[in-house]
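Asks: Residue numbers (the numbering used here), protein chains in the order written: chain F, 114 to 519; chain Z, 239 to 378. Sharing a structure, written as structure tokens. Questions coming.
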């Protein structure tokens with residue numbers, strides 16, 4: 114372990130307003146990134162000019178070296194972009210920042226995600242236009258992603274719901290998971306969003322009947338099994354324990370973090386459906402789960418609440434199983450028992466409303482909520498919360514972080 | 239002219255040095271998987287080298303063109319004009335391989351009747367004289 118005085122802590126969380134897809138027209142995506150970073154610095158009680166590192170993931174368009182200049186950082190000492198795909202990267206980007214801070218490469222790193230899809234393109238749906246030629250034929254792939262997608266796009270696997278519906282269909286086949294059990298995830302999350310004024314779905318209650326009545330997108334996923342698409346930005350600031358103790362808010366330590374996937378996982382099922390049932394219907398998250406428990410010395414029973422990436426309701430179940438909150442295949446009954454619902458569940462999950470009901474920020478907002486829970490600032494506060502597991506997406510090479518109150 | 243199920247506007251594959259032989263085989267009406275010429279390990283999609291022995295001497299071998307539905311989804315969205323609605327995207331586990339799977343479609347059956355474990359066989363949809371796409375039907 115590195116110098117305890119340099120141990121990585123999250124000291125600031127910030128976001129812009131969240132709006133539905135295309136709903137922000139009075140600021141650029143780059144401007145939103147700057148707002149979120151500034152808000153996180155203000156939350157920490159840090160001068161934004163004192164930040165000295167930037168990190169992001171999922172090919173964020175808002176290049177860190179430019180954002181650092183835009184905001185007037187005095188120096189840039191760390192610029193890190195994660196190769197973890199899409200929603201797999203938020204915790205990994207924060208983990209990389211933690212390593213950099215602990216190693217002394219930088220002292221205060223901001224990790225952010227800005228998404229203004231109405232001004233650019235819908236993440237994950239550009240796929241439908243890739244490779245369209247005047248006449249069907251072979252074309253030169255412009256990059257490795259496009260080359261891999263040659264084995265999915267010509268067959269109409271155009272969007273993430275299609276790929277992950279196939280994963281859940283297999284999970285249902287193996288373990289008897291039901292649509293109602295996935296609905297239990299979505300309903301609990303929506304209830305939390307209805308307590309959180311930041312949430313895009315605040316003021317829009319949803320029952321299990323509403324869930325069951327929503328239109329089918331890609332079986333077994335109904336509309337309300339799928340996350341939102343939003344405009345906004347979100348940021349967290351990582352610094353050393355020594356510095357954190359001089360700042361405004363209660364200190365939240367990153368007790369453990371991990372990133373990765375089994376070796377043969379590749380990009381995950383969005384591009385490649387090979388591998389064992391354990392791999393395919395397990396979401397590839399066993400590696401990060403093993404690492405986080407080993408590094409933290411904790412067990413699932415030590416965790417007070419969780420913010421588990423919910424691109425799709427069902428994928429939350431895979432992550433719960435991978436981390437051992439329930440047995441393999443028992444994610445559905447676990448959710449159906451009410452375990453994920455605040456305040457009475459054993460593991461209140463996505464207490465901000467998650468990607469299903471707060472905002473789709475590729476999971477950066479899960480980190481913000483994890484920090485707020487440990488500061489006692491959540492709108493669905495878990496009483497006395499001392500530990501919170503935050504994860505990025507199952508179904509791609511992913512990442513996670515175990516946060517603890519200092 | 240073979241039967242058509244999907245429109246011309248479906249995305250065309252972007253190919254690389256590694257994947258071109260797979261698509262060229264399909265153009266000839268053969269469904270293949272990559273095989274290492276040094277150690278015999280098979281994989282899909284095709285890669286530059288063998289993950290088992292490290293050899294870059296990799297080639298293709300014909301499959302039987304039959305398999306079973308490993309998993310699938312019935313898609314209820316219409317992305318491109320002329321697409322069937324709903325349509326089935328499936329992962330097909332290929333017979334005679336060590337569990338290798340390809341993403342494709344299952345047609346020639348009501349989408350509501352597709353099941354995991356359903357035996358299927360390949361057919362080749364001629365999208366143009368330059369592109370053929372392998373899709374599957376229930377095995378006769």
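Backbone N, C-alpha and C define an ideal beta-carbon position, used for all residues, glycine too. None of these values were measured; they are calculated from a predicted model.
Skipping 5 residues on each side, what residues in its chain have a beta carbon closer than 6 Å to that of residue 442/F?
Replies: Contacts found: 288.
Asks: So for residue 366/F, helix, strand or coil by DSSP?
Replies: Here residue 366/F sits in strand by DSSP.
Asks: Taking the alpha helix (DSSP H) that residue 288/F falls in, what are its first and last residues?
Replies: Counting along the chain, the alpha helix (DSSP H) containing residue 288/F begins and ends at 273-288.
Asks: Quick one: list the residues of chain F neighbouring residue 339/Z, beta-carbon separation under 7 Å, in chain order.
Replies: By Cβ distance, chain F contributes 386 and 387.
Asks: Could one say the Cβ of residue 240/Z lies closer than 9 Å to chain F's Cβ atoms, at least one of them?
Replies: False, the Cβ-Cβ gap to chain F never drops below 9 Å.
Asks: Closer than 9 Å, CB to CB, is residue 262/F near chain Z or not?
Replies: It does; some Cβ of chain Z falls within 9 Å.
Asks: If you measure beta-carbon to beta-carbon, which residues of the stretch 362-374 of chain Z are closer than 8 Å to chain F?
Replies: Flagged, chain order: 365, 366, 368, 369, 371 and 373.
Asks: Quick one: is residue 380/F buried, meaning 16 or more other Cβ sit within 10 Å of its Cβ, or exposed?
Replies: Its Cβ being crowded by 16 or more others within 10 Å, residue 380/F is buried.
Asks: Answer yes or no: does any C-beta atom of chain Z fall closer than 9 Å to that of residue 250/F?
Replies: Yes, residue 250/F counts as interfacial toward chain Z.
Asks: Bridge partners for residue 425/F per DSSP, in chain order?
Replies: Residue 425/F is bridged to 339/F.
Asks: Along the chain, where does the beta strand (DSSP E) that runs through residue 272/Z open and close?
Replies: Where residue 272/Z is concerned, the enclosing beta strand (DSSP E) stretches over 270-274.
Asks: Answer with buried or exposed for residue 273/Z, where buried requires no fewer than 16 other C-beta atoms within 10 angstroms of its C-beta.
Replies: Counting Cβ neighbours within 10 Å, residue 273/Z comes out buried, since at least 16 surround it.
Asks: Tell me which residues of the stretch 251-269 of chain Z have at least one Cβ-Cβ distance to chain F shorter than 7 Å, keeping chain order.
Replies: Correct list: 251, 252, 253, 254, 257 and 261.
Asks: Determine, using beta carbons only, whether residue 330/F comes closer than 9 Å to chain Z.
Replies: Yes, contact with chain Z.
Asks: Work out the CA separation of residue 139/F and residue 126/F for me, nearest whole Å.
Replies: Approximately 23 Å, taken between the alpha carbons.
Asks: What number of angstroms, rounded off, separates the C-alpha of residue 267/F from the C-alpha of residue 195/F?
Replies: Looking at the two C-alpha atoms, the distance is approximately 28 Å.
Asks: Short check: CB of residue 337/F to CB of residue 469/F, under 9 Å?
Replies: Yes; because the gap between Cβ atoms is below 9 Å, this pair is in contact.
Asks: What does DSSP give as the partner residue(s) for residue 167/F in the beta ladder?
Replies: Residue 167/F is bridged to 192/F and 223/F.
Asks: Could you tell me if residue 117/F is buried or exposed, where buried requires 16 or more neighbouring beta carbons within 10 angstroms of its beta carbon?
Replies: Classification for residue 117/F: exposed.
Asks: Taking C-alpha atoms, which residue in 145/F, 148/F, 158/F and 144/F lies nearest to residue 358/F?
Replies: Comparing Cα-Cα distances from residue 358/F to each of 145/F, 148/F, 158/F and 144/F, the minimum goes to 158/F.
Asks: Using the Cα positions of residue 475/F and residue 240/Z, report the straight-line distance between them to the nearest angstrom.
Replies: Roughly 43 Å separates the two Cα atoms.
Asks: Can you have a look at residue 253/F and say buried or exposed, based on whether 16 or more other CB atoms are within 10 angstroms of its CB?
Replies: Per the 10 Å Cβ criterion, exposed.
Asks: Hey, would you say residue 355/Z sits closer than 9 Å to residue 306/Z, going by beta carbons?
Replies: The answer is yes: Cβ separation under 9 Å.
Asks: Do residue 482/F and residue 420/F have their beta-carbon atoms positioned less than 9 Å apart in this structure?
Replies: Cβ atoms of residue 420/F and residue 482/F: closer than 9 Å.
Asks: Please return the same chain residues whose Cβ sits closer than 7 Å to the Cβ of residue 181/F, not counting the five positions on each side in sequence.
Replies: 167 and 189, listed in sequence order.
Asks: Interface residues of chain Z around residue 296/F at Cβ under 7 Å?
Replies: Neighbours of residue 296/F on chain Z: none; closest Cβ ~18 Å, over 7 Å.
Asks: Tell me the rounded alpha-carbon separation between residue 295/Z and residue 369/Z.
Replies: In a straight line, the C-alpha of residue 295/Z is about 26 Å away from that of residue 369/Z.
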